[in-house]
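With numbering that gives the first Met the number 0 as the guide, the letters of the sequence shown map in order to residues 0 to 1002. Each residue gets a CB set at the ideal place from its N, CA and C atoms; glycine is no exception.
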Amino acid sequence: MAMVLKRRLKQSSKADSMSINESLQELRSMSAIYPDRRFLNAIALVHQLAMGGEQDLLDVQYTNKTWKVVYQNQTVGELHELPTFDELHKFLLDWARKNKRAVEKTGVTDSELAPIKAQIESASPESLFAALSKLDELQSRGNPSLTLMKLKTRALAILAWELLDNLEIGDEIFSAALAHLVFVESAYPDEILEEKALIADALGYEGAARRLAKTLPEQSAVACYLNNQTERLHQLAQSEKQSSVPNLLYFRSTCLNRDKSRWREWLAENSALTSSNTLPPLKCTYSIGDAAIMMPIALRILGHVKLTSEGVSSQFSLGPGDLEWRNLSFRLPTVASTLSPNLLSDFERGLSTPNNKGMTALSVRLRSTFYRAYFFSAMDIVARTTLALPSAKVFSERLSVCLEYQGSGPSAQLGPWVLALSSPHGGADEAIESAFLNLNQLGPSAMLALLPQAKNSLPASKKWSSIRELFFVRLDSRPEVRLPAADFVELPFLDLTAHKYLVSSAIRDGAGDSLQSKLILNQILGRKSEIMKMFNSASLSVREKLELISCVRLLDKDYVADANQLYGKLLRENPRSWEAEKSYIEFLASRDKKAAIREMRKWKAQVTLTKKDGAKVTRDGLELDQSLLLAQLLYDVNDLSGLKNELKNVKSNSSQTYLKLLALSELSSGNYGSAKAWAEELRRSYPKSLDAMLVELEICLKQKQFLPAANILRSAVAVPRIIWKEKIAPLIISRLSNPQDVGAFVGALDSVQINSDDNLGQIAAAAYSADRAELAFQILSTVKTGPDAMYDLLTCQYRYLKRAHGKQKALAWLKEQIPEDKRAAVAPFAFFSGQDELLFEFAPAEDTLSGGEDVWILRAASGVLNPVPADWQTMLNAHFEGRKDTDGKIGLYLLGKLKAEQLSTVPLSSAERAKVLFYLAWKQMATPGNFLKDTELLLCCLTTNQNALNEFQWSKVWLRDIAASLAGQPMIYSESTLSRLRVTSPSHQGDWSQQRRFQLSNK
């Protein structure tokens, strides 16, 4: 019976009345990350091994940065958040000692054990399950003996090490291995050291595994593998005749070090395998991480697990040619044919019919879990790969049919998960929340896969808080999910402290000596010197070296000498690699498009594609890609003659870029009819293409056909605001230089109900960015908005007019728009957009008006960054002096007359807490200090769910800005990075986004 995990977080008994300090503690409780569930699940198994019976409920409670675990009303122990392997192991071992059962040293004859040992050392999954079954049978005769338990532990350790489990549904195998390990250790601690190290490695705790390797004999194959002693391991693999384990360890070591030469040698020497025996080598090959091998591995796994589940044991050859596909597009028919209808149902049917009737219940269950984990891992690879292809819709439909399943358990959730994965989430909060709630039998990685498309939209969602809570409930501390989880903890979940803890713990527990580990580690830490040293490794592929260059470029955005040096070396090593050359040209184009054109022409002149570059269709594809890149660059620099000549040399095709450039080329020459024809072809071929819409829009604008242009944009009303900001609005302003034309086009937009700040507001912002503030003001004047947004709009218009004609004229205009008794309503928008003068020269001094008290707080808050006018400073001091209410205390704190501690310890309502938390953060983050701790104040403000408060909304915007700024840094925040982050006054220049007060400075 599966164990039930119940999580309890200590909640305050005064939910609507607690202090700031208490609410910060509750925040950390809600963000606490479960200990590795594989260890927690082992608790019940240990008890079952000792006492028998069924597994029961496990209660996990979090309080004061500690997890307390209770099983059957017994306290198992306590764990710190993100514990190490050693802490988790000790925790489980102590529990095994509490449930200690007599274990005899002997009890079974060698003649009975010899064939079982041979089965285990063969390392074949099917033999391992057969061995486990036989050991269970022998154990059922009486008390467990040390010999039997050691053999079971070794078999389970090898199975765990061989398991490929991308979606973490095979936890029971890891938990069983852990339970047997500590059960034996509790009686005989020094008997299974090698298995302990192997299990630590299988669980992903590389650092702990390497430390454990030091306790093993030098001749141990496991020690050589963990110490990355490949040569010695190779010798052991060749000399060992009784066990296949050293040979597999050597192969995995080869794969981890990306040694393709030895990888091919091993496959040539070990090519004849049964369907079951192919799985461990495929898992090893998967660790190479080369995109060219992912899909063939996945298809091999699907075929072999299906045959094995049905009891078919055929011989197969496994060669390098079977596992490397350099051009996936040629193999898509093979992929499609593998995804046959009812593939999952047929697989499950095979598992449900035990092919070895002598197997025990445990072996049957573990066998099903093992092959199911492989099947799910393969489907994970197939889904993520095919859903990124142009033919994604076709594969999504085929996957849906092949994963139909009417049963229960994790397999019933695989189809819905792939469906959720293939849906463009954007702001589809319902879909993500539903997936997090309902797909509860898939592991954390399955949940993490659903988040990338919602990364930017989710922070603004009304369901952000509930999805965030579900995210932390589903997560646990296993090493392989920490770095991906850290990425999402940062954005969209805005918890910078948890992000840093996750990354730090991942480095602590998972950083090994393998090439792959070093690659990840140096990228995380942003160690440019180490990255440049690694660049010289012959084992790295061109793609991996390009990733290193990208990391160097990220670390030195304004200093390009190092990136130039690395590109030069890469191109000298790979003079015919278009992948490397294309990246270099795009790098040049980001700084100097004409230099990129010169480099592109030099490449085309020097490199002639031959049969060595692939089949004719591959060479044609490369030539097309090169020509279209050059054509795009020529268009970008307005070299119309060069563009036409380049397009003449391109073989006619239906690619999106080709059709777009043909339309734009004809448009630039004034051939409107021909341009329109190509644009229509582009739209027919790519009906959902943003480029197609933009080309049609540009053609209409060039001809001053404003109503047709407006009708084109009707379909874009629902597109994200960022598209209006970065694509549509700049195009409109760049193509309409005459203010009268802009006015006519805005009128046409209004006639088709395009008149909100999401669209017209972005057009106004584009004009403002182009230093056309007067035009921006006029455009914004036509925006239709409700009463609740009117004051925000008027404040923005004031800012535009101030830039065009100065403060006095803008102030006079604003006074005409708003009667004096309504002017306090402008204060929050003035503060938020940095127009501090409106707090003093426009908003009334009387606090009897609606919102008046908030205006006084905002006046005091504005003094945190910029000096308050002298006469107003006196008035502010007098206004707040002696106040005991919460608003009064906030004002005194902002004026420097009250310490933060005096606000942090008194009980407050949730609305009061939201305000206090924001202003505590506002003042503390404006000056150097504990930056990460300060951001917790903002995050805590969001947990109050006071959506109606300005301070709540400002906290969300500010945290989003901070997270977005840090997302461009190495994953672990260095103190030097954090010290550069400050709250700054807004710029008087720039686009719409720079109006916000809450910006970060990296200077």
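Paired residues, beta bridge with residue i - DSSP
i, result
"D475", "Y33"
"A844", "Paired residue(s): none; A844 is not in a bridge."
"L78", "W66"
"L907", "M17"
Close-in-space but distant-in-sequence residues of the same chain around residue i (CB under 8 Å, 5 per side omitted)
i, result
"S16", "P906, L907 and S908"
"L661", "L646 and W677"
"K643", "S664 and S668"
"R600", "L629"
"W324", "A291, I292, M294, P295 and R330"
"L235", "Q218, A220, C223, P245 and Y249"
"A49", "A95, N98, K99, R100 and F182"
Whole-Å CB distance - residue i paired with residue j, under 8 Å assumed
i, j, result
"L547", "W577", "With a Cβ gap of about 19 Å, L547 and W577 do not count as contacting."
"L827", "N949", "Before going further, note that residue 827 is Pro rather than Leu in the sequence given. About 5 Å; that satisfies the 8 Å criterion."
"A595", "L632", "6 Å"
"A859", "L893", "4 Å"
"L266", "L317", "6 Å"
"I191", "L180", "6 Å"
"Y224", "L232", "6 Å"
"A43", "Y70", "7 Å"
"V59", "L39", "7 Å"
Secondary structure of residue i, DSSP reduced to three states
i, result
"Y370", "helix"
"K213", "coil"
"M17", "strand"
"T385", "helix"
"G206", "helix"
"S144", "strand"
"L891", "helix"
"K898", "coil"
"Q704", "coil"
"K67", "strand"
"Q73", "strand"
"M874", "helix"
"R27", "helix"
"Y1051", "Residue coverage of the chain in this structure runs from 0 to 1002, which leaves residue 1051 outside it and unanswerable."
"Q968", "coil"
"A803", "helix"
"F394", "helix"
"I168", "coil"
"Q522", "helix"
"E836", "helix"
"L797", "One detail in the question is off: residue 797 reads as Tyr in this sequence, not Leu. DSSP places Y797 in helix when its eight states are reduced to three."
"I778", "helix"
"L197", "helix"
"I943", "Checking the displayed sequence, the identity of residue 943 turns out to be Thr instead of Ile. Note: T943 maps to coil in three-state DSSP."
"I817", "coil"
"T934", "helix"
"K99", "coil"
Close beta carbons around residue i, own chain, < 6 Å, minus the five adjacent residues each side
i, result
"S667", "L639"
"T847", "Reliability of the predicted coordinates at T847 is poor, the pLDDT of 49 falling under 50, and the value obtained from them is presented with this limitation in mind. The answer is none, since no qualifying residue turns up."
"L916", "L936, C939 and C940"
"L793", "Q816"
"E791", "Before going further, note that residue 791 is Asp rather than Glu in the sequence given. These residues qualify, in order along the chain: F828."
Sequence-distant residues of its chain with Cβ nearer than 7 Å to residue i (five each side left out)
i, result
"F705", "A743, F744 and A747"
"D494", "S30, V488 and L938"
"S359", "The displayed chain sequence assigns Thr, not Ser, to residue 359. These residues qualify, in order along the chain: S132, D135 and E136."
"A335", "R397"
"I711", "M692, E695, L696 and C699"
"Q47", "Q54"
The ligand GTP heavy atom lying under 7 Å from the CB of residue i
i, result
"L938", "The ligand GTP is not part of this structure, which contains no ligands at all."
### Uninterrupted alpha helix (DSSP H) stretches inside the segment 304-332 (no shorter than 4 residues)
Within the segment 304-332, no alpha helix (DSSP H) run of at least 4 residues lies entirely inside it.
### Query
Along the chain, which unbroken stretches of the alpha helix (DSSP H) at least 4 residues long are found entirely within the segment 232-304?
244-255, 259-268 and 278-285
### Query
What are the complete beta strand (DSSP E) segments, minimum 3 residues, inside the segment 664-740?
Segments of the beta strand (DSSP E) lying fully in the segment 664-740: there are none.
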